[in-house]
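> Taken in sequence, the protein lines are chains R and S.
Residues 47 to 405 in the working numbering are what the first sequence lists, from first letter to last.
Residues 3 to 364 in the working numbering are what the second sequence lists, from first letter to last.
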Amino acid sequence: MFRLEKRPTPSKFWLYATPPVAVILTMIAGGILFAAMGKNPFEVIRTIFWDPVFGEFAFYLRGQLLVKAGPLILIAIGLALGFRAGIWNIGAEGQYIMGAIVGAGVGLAVFPTESRWIFPVMVVAGAFGGWAWAMIPAILKTRFNTNEILVSLMLVYVAETILAKASTGFLKNPEGMGFPGSRNFSSYPAAENAFLYEPLGLHWGGVAALVTAVLAYILLTRHQAGFQIKLAGQAPRAARFHGVNPARLVVMCMGISGALAGLAGLFEVTGPAGQISIDFNTGYGFTAIIVAFLGRLNPLGIVLAGFLMALTYVGGEMASTNLGLPDAAIQVFQGMLLFFLLAVDVLTNYRFRLHVGAH
Amino acid sequence: MKRRNLLATAAMGLLLASGGAFAQGMDKVKACFVYVGPIGDGGWTFQHHEGALAVQEKFGDKVEIQWQENVPEGADAERVLTQMALGGCNIIFTTSFGFMDPTNAVAAKFPDVKFEHATGFKRDSANVSTYNARFYEGRAVQGHIAGKMTKSNKIGYIASFPIPEVVMGINSYYLHAKKANPNVELSVVWAFTWFDPAKEADAAKALIDQGVDVIASHTDSTAPLAEAAKTNGAVIGFGQASDMAEYKDGPRVSSIIDNWAPYYVKRVGALLDGTYEQADAWEGIAGGEVEIGEITAAVPAEVKAEAEALRDSIAAGTYHPFTGPINKQDGSPWLAEGATAPDGDLLGMNFYVEGITGDIPQ
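1. By DSSP, does S:E293 sit in helix, in strand, or in coil?
2. Please determine if the segment 146 to 160 of chain R and the segment 279 to 294 of chain R are in contact, where contact requires at least 3 C-beta pairs separated by less than 8 Å.
3. In the segment 82 to 108 of chain S, which residues sit with their C-beta less than 7 Å from some C-beta in chain R, listed in chain order?
4. Starting from S:K306, follow the alpha helix (DSSP H) in both directions and report where the run begins and ends.
5. Could you check what DSSP says for R:N368 in three-state terms: helix, strand or coil?
6. According to DSSP, simplified to helix, strand and coil, what is S:Q68?
7. Output yes if chain R places a C-beta closer than 8 Å to the C-beta of S:F137; else output no.
8. Between which two residues does the beta strand (DSSP E) holding S:A135 run?
9. Counting C-beta neighbours from all protein chains within 10 Å, is the total for S:V214 16 or more, i.e. buried, or is it exposed?
10. Roughly how many angstroms lie between the CA atoms of R:V167 and R:R229, to the nearest whole one?
11. Return no unless some Cβ of chain S is closer than 8 Å to the Cβ of R:Q110.
12. Any beta-carbon of chain R closer than 8 Å to the one on S:H50?
13. For a test of the three-state rule: what should DSSP assign to S:E80, helix, strand or coil?
14. Would you please state the rounded distance, in angstroms, between the beta carbons of S:D43 and S:S223? I believe it to be under 8 Å.
15. Decide yes or no for the touch test of the segment 378 to 395 of chain R against the segment 96 to 110 of chain R: beta carbon pairs closer than 8 Å, at least 3 of them.
16. Would you tell me roughly how many angstroms separate the C-alpha atoms of S:F24 and R:L261, rounded to the nearest one?
17. Would you call the segment 112 to 120 of chain S and the segment 89 to 99 of chain S in contact, with 3 or more CB pairs under 8 Å?
18. Flag this pair as yes or no: are the beta carbons of R:G137 and R:I302 separated by less than 8 Å?
19. Under three-state DSSP, which class holds R:R411?
20. Using a Cβ-Cβ distance under 8 Å, would R:D97 count as near chain S?
21. Under DSSP, the beta strand (DSSP E) around S:R254 begins and ends at which residues?
22. Three or more C-beta pairs under 8 Å: does that hold for the segment 290 to 298 of chain S against the segment 170 to 178 of chain S?
23. Does S:I165 come out as helix, strand or coil in the three-state DSSP assignment?
24. Have a look at S:M28, S:T325, S:N129 and flag the residue whose alpha-carbon is nearest the alpha-carbon of S:A110.
25. Shorter than 7 Å, the distance from the beta carbon of R:A319 to the closest heavy atom of the ligand FMN, or not?
26. Check whether chain S comes within 8 Å of R:Y106, counting only Cβ atoms and requiring the distance to be less than that.
27. Return the bridge partner residues of S:P335 from the DSSP annotation.
28. With distances taken from CA atoms, which of S:A206, S:A272, S:A318, S:V255 is nearest S:G295?
29. Interface residues of chain R around S:D222 at Cβ under 9 Å?
30. Determine the burial state of R:F59: buried for a count of at least 16 other Cβ atoms within 10 Å of its Cβ, exposed for fewer.
31. Give the C-beta separation of S:W69 and S:A79 to the nearest angstrom, bearing in mind that I take them to be a contact with Cβ-Cβ under 8 Å.
32. Straight-line CA distance for R:G251 to R:G140?
33. So R:G161 packs on R:I322, CB below 8 Å; how close in whole Å?
34. Closest to R:A63 by CA distance: which of R:R399, R:L387, R:F174, R:F273 is it?
35. From this set, R:L346, R:G153, R:I74, which residue's C-alpha is nearest R:P235's C-alpha?
36. Can you tell me where the beta strand (DSSP E) with R:R397 in it begins and where it stops?
And the structure:
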């Protein structure tokens, strides 16, 4: 019989081996799933993981990877800081929406003024919108000891309602013939987040994601605040003795993750999405939670995880369109990734021991 | 009608300007479909997919069809459309209102690919056509049945988004319910979704709690009927977009069926034989795009006959569901005695007619 036994210290090897092993297991299990559906599993796996990067249309799809990965990375880094400190912001989706609404609102308020200051001010407003929305669960937690998981999650639904209100009401395009949705930023150059380099899909959101990853890495490895975050997560009592103020840490972590989610929303609404619409949010805030864990809560790992996740989206769509796979099969495939990640992750803290005799 | 003629003229002009490049037929067409929900929604997307399959059946080897389900409206739609255009699709049908901007953006980059956008109004380039169905004609029939069938005099409507398409459905439903039963009151719940069974069920529950006993819905799933089925016959409803025949023994007394097959077959056929032109199509019961699903035995024979007569008069063109006198909600006149609503008014409709309480979300 095999038995799980707790390791005295977490395994360094499995810490880094878990994500690739989970990806390989997902490919195997997914392959079996696709084969059972009557598709050639090798063709499907190749379509998902190979074709977007090296296939016939890679010239277009490579750029789409960063477009898709950018917001995921930006949000996941903010979440990872909190997760490391044991602060669970599950509501990044709502902060993403509020960032987009506040940032877009500022831009639309001055339409059609042309000034090079408009976009930077919108960026600040976007970050502020996300930050302010995250402050609600943060302050409720520090003042009234509410559970930030529940409050931040519930606020997503509030934000969605405000989004619906914005697109049918206060941000509605006055020239839209009564249809919901704001003006499209693609026809407002001063507020548009255009591609800086289209073949790579690079817009300001991508730049922000990559810069944030580096900054977060430095924060965690070189800065006092980074040390406090890690300490609070691993040993809360020790952290208190060390002079870490838990309330201040909650406000800081929630604030950073909220502001980054808000930024992601602003870059998305002014760029790829183009407008505030009722269905503007497509789940980046939730998917980023998976990305944060897939990246081991490490900023550089998150960059890789973000691209991997983007690959399963873009490649999954290709597989779905070209090979006639139902969308649900692709979602199952993505779900498997998280499932295997969590399953294999057990090996970081536990090991299998062959148990002889006792039975 | 005028509006459509105008567009047809514009399309002709473009056709001539482009040197008749459109006029060549094709040996094989790859027709692609973008869906906002899953094919298994049993409603809106399911019906579009049925249309796609009808194209395949009609043209066989001459057509290859491809589709993508669950495409979010926004940046992702643009990517899916670009992939399809790059992948060799000759004609792409985008089957939800929210695909409007992405469709026009991608169409501008691929002038040789034809784009057909359902329910929208933007045709920024010559290769974008729009198509829709006059669902308000079906709503008139449903409204009549609702007015006759309600015992509590409270009828409900689960609305999706406050766009003209939905608002005109609500108005048509209410006007005909009111005509059949002057005491009727209408409650509208805005679900802000096209497809979310949980939200749709909540909306139905909220209506039932208010005493509503006839529910019409403008969302895509069967959840409102499932909720009505729990009342053991006290509450009835209608199939929406699809016949939803599985509820025939239960709350479903009739339905509006979207039949996209004739349009899809016509458009792909036109592409094959070289007669394709930019269009702004809006057909109704007469064109076969809107069908009234079987009215079940739960409806008294007399009401059924009236409803069918209403349907037939709309199909024959002798009756327009929006015929004056009709006032707006605020009491200001909209249509004079005997006047019928111009298409332009309907396509931009953002007001309730007199008698409906509540506000359209602004």
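No residue lacks a Cβ here, since even glycine has one placed at the ideal position from N, Cα and C.
In short:
1. On the second sequence, position 291 is the one that residue 293 of chain S refers to. Residue state, collapsed to three classes: strand.
2. no
3. V82, T84, Q85, M86, L88, G89, G100, D103
4. On the second sequence, position 304 is the one that residue 306 of chain S refers to. Secondary structure note for S:K306: its alpha helix (DSSP H) is the uninterrupted segment 303 to 318.
5. Taking the first residue of the first sequence as 1, we reach residue 368 of chain R at position 322. It is helical.
6. Here residue 68 of chain S is taken as the residue at index 66 of the second sequence, counted from 1. Strand at S:Q68.
7. Mapped onto the second sequence, residue 137 of chain S falls at position 135. False, the Cβ-Cβ gap to chain R never drops below 8 Å.
8. Here residue 135 of chain S is taken as the residue at index 133 of the second sequence, counted from 1. Looking at the DSSP string, the run of the beta strand (DSSP E) that includes S:A135 is 130 to 135.
9. Translated into the one-based positions of the second sequence, residue 214 of chain S becomes position 212. Label assigned to S:V214: buried.
10. For this step, residue 167 of chain R is matched to residue 121 along the first sequence. For this step, residue 229 of chain R is matched to residue 183 along the first sequence. If you take the alpha carbons of R:V167 and R:R229, they lie about 18 Å apart.
11. Indexing the first sequence from 1 puts residue 110 of chain R at position 64. Taking Cβ atoms only, chain S reaches closer than 8 Å to R:Q110, which makes this a yes.
12. Start at 1 with the first residue of the second sequence, and residue 50 of chain S comes out as number 48. Not closer than 8 Å to any Cβ of chain R, the Cβ of S:H50 fails to qualify, so no.
13. Residue 80 of chain S sits at position 78 when you count from the first residue of the second sequence. Helix.
14. Your numbering for residue 43 of chain S matches position 41 in the second sequence. Your numbering for residue 223 of chain S matches position 221 in the second sequence. The Cβ separation is near 6 Å, so the contact holds.
15. In the pairwise beta carbon analysis, the segment 378 to 395 of chain R is classified as not touching the segment 96 to 110 of chain R: fewer than three pairs are separated by under 8 Å.
16. In the second sequence, the residue the question calls residue 24 of chain S occupies position 22. In the first sequence, the residue the question calls residue 261 of chain R occupies position 215. At S:F24, the pLDDT of 45 sits below 50, so the modelled position is not reliable and the matter cannot be decided from this model.
17. yes
18. Locating residue 137 of chain R in the first sequence gives position 91, where the first residue counts as 1. Locating residue 302 of chain R in the first sequence gives position 256, where the first residue counts as 1. No, these two residues do not count as a Cβ contact at 8 Å.
19. Outside the displayed range of chain R (47 to 405) lies residue 411 of chain R, so it cannot be described from this structure.
20. Indexing the first sequence from 1 puts residue 97 of chain R at position 51. No, because no Cβ of chain S sits closer than 8 Å to the Cβ of R:D97.
21. Reading the second sequence from its first residue, position 252 is the one you call residue 254 of chain S. Start and end: 254 to 260.
22. Between the segment 290 to 298 of chain S and the segment 170 to 178 of chain S, the count of C-beta pairs closer than 8 Å stays below three; the two stretches do not touch.
23. Stepping through the second sequence from its first residue, residue 165 of chain S is reached at position 163. Correct three-state label for S:I165: coil.
24. As a position in the second sequence, residue 110 of chain S is number 108, starting the count at 1. It is S:N129.
25. With respect to small molecules bound, the structure shown includes none, and the ligand FMN cannot be examined in it.
26. Here the question's residue 106 of chain R lines up with position 60 in the first sequence. For R:Y106, the answer is yes, since a Cβ of chain S falls inside 8 Å of its Cβ.
27. Reading the second sequence from its first residue, position 333 is the one you call residue 335 of chain S. DSSP lists S:N329 as the beta-bridge partner residues of S:P335.
28. Position 293 of the second sequence, counting from 1, holds the residue named residue 295 of chain S. With distances taken between Cα atoms, S:G295 lies closest to S:V255.
29. The sequence position of residue 222 of chain S within the second sequence is 220, counting from 1. Neighbours of S:D222 in chain R, taken as residues whose beta carbon is under 9 Å from its own, are absent, since the nearest beta carbon is some 14 Å off.
30. Residue mapping note: residue 59 of chain R aligns to position 13 of the first sequence, counting from 1. With fewer than 16 Cβ atoms within 10 Å of its Cβ, R:F59 is classed as exposed.
31. Numbered from its first residue, the second sequence carries residue 69 of chain S at position 67. Numbered from its first residue, the second sequence carries residue 79 of chain S at position 77. Incorrect: roughly 14 Å between the Cβ atoms, too far for contact.
32. Counting from one through the first sequence, the residue named residue 251 of chain R turns up at place 205. Counting from one through the first sequence, the residue named residue 140 of chain R turns up at place 94. Rounded to whole angstroms, R:G251 to R:G140 spans 18 Å at the Cα level.
33. As a first step, residue 161 of chain R is located in the first sequence; it is residue number 115 there, counting from the start. As a first step, residue 322 of chain R is located in the first sequence; it is residue number 276 there, counting from the start. Here residue 161 of chain R is Ser; the residue named in the question, Gly, does not match the sequence. No, R:S161 and R:I322 are not in contact; Cβ-Cβ is about 21 Å, not under 8 Å.
34. Taking the first residue of the first sequence as 1, we reach residue 63 of chain R at position 17. Closest by alpha carbon: R:L387.
35. What you label residue 235 of chain R is simply residue 189 of the first sequence in a count that begins at 1. R:P235 has its Cα closest to that of R:G153, out of R:L346, R:G153, R:I74.
36. The count along the first sequence starts at 1 and reaches residue 397 of chain R at position 351. Segment 396 to 400, the beta strand (DSSP E) holding R:R397.
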